[in-house]
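*Asks:* The working numbering puts the last residue of the sequence shown at 273; the count rises by one with no breaks. Ideal Cβ positions, reconstructed from N, Cα and C, are used throughout, including at glycine.
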Amino acid sequence: MKIASITLRNFRCFGDSPTTVELAEDITALVGANGSGKTALLIALTRLFGTTQNMRTIRRSDFHAPLGAATDDPSAVELSIEVILIFPELTGSGEASDSVAPAFNHMIVDSPGGDPFCRLKLEARWTDDGTIEGHVDQDLYWILTAEESVPDDRKLRVTPNDRGRIQVYYIPANRDPAPEFRSAARNSAGRLVRAISWVQGTRDTVQSASEKIGDTLGSELAVIAINRLLQERWDELRDDYASTNAALRFGGAGFDEIVRDVGVIFSYANGSESDLAGLSEGQQSLIFMALV
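1. Just how far apart, CA to CA, sit THR38 and ALA203?
2. May I ask you to list the residues that DSSP assigns as paired with GLN119?
3. Among the candidates PRO132, ASP242 and GLY235, whose CA atom is the shortest distance from the CA of GLY171?
4. Using 10 angstroms around the beta-carbon of VAL64, count the other beta-carbons present and answer buried if the total reaches 16, otherwise exposed.
5. Could you check whether CYS(-6) and ALA14 sit closer than 7 Å to each other, using their CB atoms as the reference points?
6. Straight-line CA distance for GLU217 to LEU229?
7. Give me whichever residues DSSP pairs with ILE(-13) in a beta bridge.
8. Would ASN(-9) and LEU60 qualify as a contact pair, given that the criterion is a beta-carbon distance under 7 Å?
9. Where SER253 and ILE147 are concerned, what is the direct C-alpha to C-alpha distance, given to the nearest angstrom?
10. Specify whether the region 95 to 109 and the region 27 to 47 touch according to this definition: at least 3 beta carbon pairs, one from each stretch, less than 8 Å apart.
11. On the three-state DSSP scale, how would you describe PHE231?
12. Does the Cβ-Cβ distance between VAL2 and ILE24 come in under 7 Å?
13. Answer with buried or exposed for TRP123, where buried requires no fewer than 16 other C-beta atoms within 10 angstroms of its C-beta.
14. Measure the C-alpha to C-alpha separation of ALA77 and SER17 and round it to an integer number of angstroms.
15. Taking only the alpha-carbon atoms, compute the straight-line gap between MET36 and ALA206 and give it to the nearest angstrom.
16. Helix, strand or coil: how does DSSP classify ARG146 here?
17. Check whether the region 85 to 99 touches the region 107 to 125, taking contact to mean three or more Cβ pairs, one atom from each stretch, closer than 8 Å.
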């Protein structure tokens, strides 16, 4: 599966006239002058398929503002971002691929015997509701027709499960990209671990060991003293009537929290170890690509 094209309307520097950018099948490089929309296009992809809810959220500043106007004062109240997905692995042409087309049920063709493709369109509307930021409504739809004009009955909301099948990883061109690479690599490793179907015996063993570690550390006299002082200060400061206890907690509270806090460790021949922070920027980008 590949993104064949992206069409933007009233998104950031792209105005009311729809602009379509075709993406090459092998590699796409965006070349242009400063302010020509390269970053805006990449951010548009994250609004569709970002890895966090924050990336997928349309903001007031995403709406197009005319040249010379403040970026937080949009002239457009509606924007759209549309992508075409193609599936080379279904056509039987080109080099063999290890990928498998996701089980989307909304493929369309535009001619007899034509190759199937999917259309997804993000629509957003900004409303001045009297607050500083205003209110933004946004929806992601399957477009069930190949025609340019799309009636409402040919749009179907994309389910979270289908949306999660496509993910765009965007590493901003920061002067210090290392934190971005480390975060992206940890997120990628975490997704792989969460996809594992753990046997119940493993879950029980880890849960028992976690509870034992917490009890052992909590039995230290210094920890007991800290917890006692913490509870006293908490009782003095809280103003509700509910009885709550405050105490230090070591490690995850259970199996799910432990496996969620996953990282990548590198072992060397001399017996030493390092995490992602111990790698060069180039090496961090390579391990990120390996995980993705």
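*Replies:* On the basis of the data shown:
1. As a working note, residue 38 is residue 57 in the sequence shown. As a working note, residue 203 is residue 222 in the sequence shown. When rounded, the distance between both Cα atoms is 45 Å.
2. If you number the sequence shown from 1, residue 119 lands on position 138. Bridge partners of GLN119: ALA105.
3. Translated into positions along the sequence shown, residue 171 becomes position 190. Answer by Cα proximity: ASP242.
4. Counting from 1 along the sequence shown, the entry for residue 64 is found at position 83. Buried, by the Cβ-count rule.
5. For the purposes of this step, residue 14 is taken as residue 33 along the sequence shown, with counting starting at 1. For the purposes of this step, residue -6 is taken as residue 13 along the sequence shown, with counting starting at 1. Not closer than 7 Å, so no.
6. Locating residue 217 in the sequence shown gives position 236, where the first residue counts as 1. Locating residue 229 in the sequence shown gives position 248, where the first residue counts as 1. Whole-angstrom Cα-Cα distance: 18 Å.
7. Taking the sequence shown and counting its residues from 1, the one referred to as residue -13 is at position 6. BP columns for ILE(-13) point to VAL2 and VAL64.
8. Residue numbering aside, residue -9 sits at position 10 when the sequence shown is read from its first letter. Residue numbering aside, residue 60 sits at position 79 when the sequence shown is read from its first letter. Inclusion of ASN(-9) and LEU60 in the CB contact set at 7 Å is warranted, their separation being smaller than that value.
9. Translated into the one-based positions of the sequence shown, residue 253 becomes position 272. Translated into the one-based positions of the sequence shown, residue 147 becomes position 166. Each residue's Cα considered, the two are about 37 Å apart.
10. Flag = yes, the region 95 to 109 and the region 27 to 47 touch.
11. Here the question's residue 231 lines up with position 250 in the sequence shown. Judged by DSSP in its simplified three-state form, PHE231 adopts coil rather than helix or strand.
12. Position 21 of the sequence shown, counted from the start, is the residue given in the question as residue 2. Position 43 of the sequence shown, counted from the start, is the residue given in the question as residue 24. Cβ atoms of VAL2 and ILE24: not closer than 7 Å.
13. Numbered from its first residue, the sequence shown carries residue 123 at position 142. TRP123 counts as buried, since at least 16 other C-beta atoms from the protein chains shown sit within 10 angstroms of its C-beta.
14. Taking the sequence shown and counting its residues from 1, the one referred to as residue 77 is at position 96. Taking the sequence shown and counting its residues from 1, the one referred to as residue 17 is at position 36. Residue placement at ALA77 is flagged as unreliable, the pLDDT there being 48, under the threshold of 50; the coordinate-derived value follows with that caveat. Distance between the alpha carbons of ALA77 and SER17: 36 Å.
15. Position 55 of the sequence shown holds residue 36. Position 225 of the sequence shown holds residue 206. Using only the alpha carbons, I get a separation of about 43 Å.
16. On the sequence shown, residue 146 is found 165 positions in, with the first residue counted as 1. Taken through DSSP and simplified to helix, strand or coil, ARG146 comes out as coil.
17. In short, these stretches touch, since the Cβ pair count reaches three.
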